[in-house]
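Sequential numbering from 83 applies to the sequence shown in our numbering. Beta carbons are placed, not taken as given, at the ideal position from N, Cα and C, and that holds for glycine. As the structure is a computational prediction, the values presented were derived from the model and not from experiment.
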Amino acid sequence: MKRFRLILLLVLLAAAPLLPGRVLAQADEIQQLLLNVEKLNQLRSILSDMKKGYQVLHTGYNTVKSISEGSFQLHEAFLDGLLAVHPSLPQYHRVAAILQGQQRLVQEYNSAFARFRRQGHFSPEELAYLATVYARLLEQSAWHLEELALVLTAGTLRMQDDERLAAIDRIAAGMADKLAFLRHFNRQTTLLALQRSREQSDIRVLGQLLQPTP
Numbered sequence: 083m084k085r086f087r088l089i090l091l092l093v094l095l096a097a098a099p100l101l102p103g104r105v106l107a108q109a110d111e112i113q114q115l116l117l118n119v120e121k122l123n124q125l126r127s128i129l130s131d132m133k134k135g136y137q138v139l140h141t142g143y144n145t146v147k148s149i150s151e152g153s154f155q156l157h158e159a160f161l162d163g164l165l166a167v168h169p170s171l172p173q174y175h176r177v178a179a180i181l182q183g184q185q186r187l188v189q190e191y192n193s194a195f196a197r198f199r200r201q202g203h204f205s206p207e208e209l210a211y212l213a214t215v216y217a218r219l220l221e222q223s224a225w226h227l228e229e230l231a232l233v234l235t236a237g238t239l240r241m242q243d244d245e246r247l248a249a250i251d252r253i254a255a256g257m258a259d260k261l262a263f264l265r266h267f268n269r270q271t272t273l274l275a276l277q278r279s280r281e282q283s284d285i286r287v288l289g290q291l292l293q294p295t296p
């Protein structure tokens with residue numbers, strides 16, 4: 083439950099605007115942020131978008147059932163109060179990069195997958211494969227958030243600050259790799275969809291040319 087609470091806090095902070103040279107506020111400002119109604123509404127919107135993405139996969143494909151179950155108890159964790167977070171580490175700029183990476187990954191996969199389903203250029207089996215790839219990426223990115231939660235939670239791991247910073251750097255690199263792979267995968271899938279669209283258009287044109295003239 084503690085990990086769910088901190089992951090919730092991380093998602094909320096990802097939704098907050100970031101100023102140059104200042105990624106997060108001090109601990110008392112974090113508490114104020116959590117109590118702010120506007121930020122709470124932003125959080126609910128983000129969670130809703132993420133949940134819809136999971137549900138698209140869960141509804142259509144059993145491959146992601148294990149991901150969708152148990153992944154959205156975050157709103158309950160929000161009501162359980164604040165977390166004891168190491169006072170200085172959340173201000174490290176790579177923490178924000180991790181959170182932004184997770185948010186972008188969810189948004190971009192959700193948009194791309196909806197487009198691929200809507201276009202009608204892929205068979206059910208191919209869409210199931212796409213869903214499996216997206217599910218694996220979402221699961222791995224969730225692991226990064228869980229690991230970040232462990233690093234930031236006070237008293238969870240016996241680590242010096244420099245060790246925690248190194249761990250955050252590694253997590254940030256992993257999240258960046260996941261986002262880069264997603265974008266490459268989406269580009270390649272988009273190219274395939276365009277190719278099939280052109281082929282279908284050529285077939286239609288050829289069919290019209292072969293029709294006997296009256």
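What separation, rounded to the nearest whole angstrom, lies between the Cα atoms of residue i and residue j?
i, j, result
"ILE253", "GLN282", "43 Å"
"ASN268", "VAL177", "26 Å"
"ARG200", "LEU212", "14 Å"
"ARG280", "LEU187", "29 Å"
"ALA255", "LEU232", "17 Å"
"GLU207", "ASN192", "18 Å"
"HIS266", "ASP259", "11 Å"
"ARG278", "VAL215", "21 Å"
"GLN242", "GLY202", "53 Å"
"ASP244", "ALA217", "33 Å"
Between the beta-carbon of residue i and the beta-carbon of residue j, is there less than 8 Å?
i, j, result
"GLY183", "LEU234", "no"
"LEU274", "GLU190", "no"
"LEU219", "ILE250", "no"
Pick helix, strand or coil for residue i, following the three-state DSSP scheme.
i, result
"GLY183", "helix"
"SER205", "coil"
"GLN282", "helix"
"GLY277", "Sequence check: residue 277 is Gln here, not Gly. Reduced to three states, the DSSP call for GLN277 is helix."
"GLN242", "coil"
Would you mind giving the Cβ-Cβ distance between residue i and residue j, rounded to the nearest angstrom? I have them listed as a contact below 8 Å.
i, j, result
"PHE198", "LEU209", "7 Å"
Closest by CA to residue i, which one among the options?
i, options, result
"THR271", "HIS175, PHE195 and GLN185", "PHE195"
"HIS175", "LEU247, LEU276 and TRP225", "LEU247"
"LEU276", "ASP243, PHE204 and ALA179", "PHE204"
"ALA224", "ASP244, MET257 and THR214", "MET257"
"ALA179", "GLU245, LEU227 and ASP243", "LEU227"
Less than 8 Å between CB atoms is the rule here; does residue i satisfy it with respect to chain C?
i, result
"TRP225", "The structure shown has no chain C; it contains just one protein chain."
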